[in-house]
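Engineer: Have a look at this one before I ask anything.
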Amino acid sequence: MPKGQTKRRPKTTERLLDAALETFADRGFYGASIEEICDRADLTRGAFYYNYRTKEDLFFALFDLHAQRIIDRLTQAIEEMRDAPDPLSTLIARTSAVDDTERRWYLLSTEFTLHAIRNPETARALAEHDRRLRDEIVRLLGTLFDRLGRQATVDLDSLARLITALHEGALAQSLVEPDQLAPDELATTYLPPLIKSISRSRAKRKTSP
């Protein structure tokens, strides 16, 4: 690849991804065309096909970006909870904020999930991306229990699935009824007692006399 193209490629993909997220959110995954995405990014179809084969490829690139944002946010929140008077509630509040990007991603990911359910091959690809994200969440849950001085008594992979379901379900209800339900209300109310009920205090090591 010529040197100039190598330098331009990250900027090109960034413009495509930004334009795709906006277009998918506005028009839907099915409704958005590659032409519309390219027009919004002020790029040619050739630039699109140089970087991606299909709209599905573009979605999975967006998925990986969003997954990394989730991991970064959780990692930072777990580190910052050390000095908080109520560590778990503080963590939930800091990771439940919903901005415009989060709202757009929810619209896109919900529609794409329905698309994947109808298409087994796409479902398998989506499940693999979900698994990689969940592996990272499981790792962070292990760190979280360590920070809380507790040991989980349930499978952390299943717990990660449950927390994801709670987050996505609560977000859907909050977006439909923003005046009735805050995005973090259900998690703040139910996750602390849940975490306590499915874990036990770590035994303190005895020190030698």
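For the sequence shown, this note's numbering gives the first residue as 901, with consecutive numbering after it. Cβ atoms here follow ideal geometry from the backbone N, Cα and C, with glycine treated the same way.
Nearest CA to the CA of F960: which residue from L1066, D1057, L1026?
Structural biologist: Nearest of L1066, D1057, L1026 to F960, Cα basis: L1026.
Engineer: Since L919 and I937 are thought to touch, with beta carbons under 8 Å apart, how far apart are those beta carbons, to the nearest angstrom?
Structural biologist: According to the sequence as given, residue 919 is Ala; it is not Leu. That belief holds up - the Cβ atoms of A919 and I937 are roughly 5 Å apart, short of 8 Å.
Engineer: With a 10 Å radius around its C-beta and 16 neighbouring C-beta atoms as the bar for buried, classify P1083 as buried or exposed.
Structural biologist: That one is buried.
Engineer: Taking the straight line between their C-alpha atoms, what separation do you get for L1033 and D1079?
Structural biologist: Cα to Cα, the separation comes out at about 31 Å.
Engineer: I need the straight-line Cα distance from R982 to K955, nearest angstrom please.
Structural biologist: Approximately 42 Å between the Cα atoms of the pair.
Engineer: For I971 versus F948, is the C-beta spacing smaller than 8 Å?
Structural biologist: For I971 and F948, no; Cβs fall outside 8 Å.
Engineer: Provide the residue span of the alpha helix (DSSP H) that contains R1102, from first to last.
Structural biologist: No alpha helix (DSSP H) holds R1102; DSSP gives it neither H nor E.
Engineer: If you follow the beta strand (DSSP E) that A1052 is in, where does it begin and where does it stop?
Structural biologist: That run of the beta strand (DSSP E) goes 1050 to 1052.
Engineer: Is the beta carbon of S996 sitting closer than 8 Å to the one on T1053?
Structural biologist: Contact: no.
Engineer: What whole-angstrom Cβ distance do I1095 and R1047 have, given they're in contact under 8 Å?
Structural biologist: No, I1095 and R1047 are not in contact; Cβ-Cβ is about 11 Å, not under 8 Å.
Engineer: Helix, strand or coil: how does DSSP classify T913 here?
Structural biologist: Three-state result, T913: helix.
Engineer: Classify L991: buried if its beta carbon has 16 or more other beta carbons within 10 angstroms, exposed otherwise.
Structural biologist: Answer is buried; the Cβ neighbour count reaches 16.
Engineer: If you draw a straight line from the alpha carbon of A1016 to that of E1028, how long is it in whole angstroms?
Structural biologist: The alpha-carbon atoms of A1016 and E1028 are separated by roughly 12 Å.
Engineer: Buried or exposed: where does E922 fall if 16 or more other Cβ atoms within 10 Å of its Cβ makes it buried?
Structural biologist: With 16 or more other Cβ atoms within 10 Å, it is buried.
Engineer: DSSP on F963, reduced to helix/strand/coil?
Structural biologist: Reduced to three states, the DSSP call for F963 is helix.
Engineer: Looking only at its own chain, which residues have a Cβ that is under 6 Å from the Cβ of S1074, when we skip the five neighbours before and after it?
Structural biologist: Here the set comprises L1081, P1083.
Engineer: To which residues of the same chain is F929 closer than 8 Å at the C-beta, ignoring the five residues directly before and after it?
Structural biologist: These residues qualify, in order along the chain: K955, F959, L1008, E1011, F1012, H1015.
Engineer: Jot down the residue ranges of each uninterrupted alpha helix (DSSP H) in the stretch 1039 to 1096, minimum 4 residues, whole runs only, in chain order.
Structural biologist: Counting only runs of 4 or more, we get 1056 to 1076.
Engineer: Do L1086 and L1059 have their CB atoms nearer than 8 Å?
Structural biologist: No, the Cβ-Cβ distance between L1086 and L1059 is not below 8 Å.
Engineer: Give the secondary structure of S846 by DSSP, where H, G and I count as helix, E and B as strand, and everything else as coil.
Structural biologist: Residue 846 lies beyond the range of the chain shown here (901 to 1109); nothing can be said about it.
Engineer: Near D1057, what residues of its chain come up, given a Cβ to Cβ distance below 6 Å and the 5 sequence neighbours on each side ignored?
Structural biologist: Closer than 6 Å at the Cβ level, and outside the excluded window around D1057, lie V1038.
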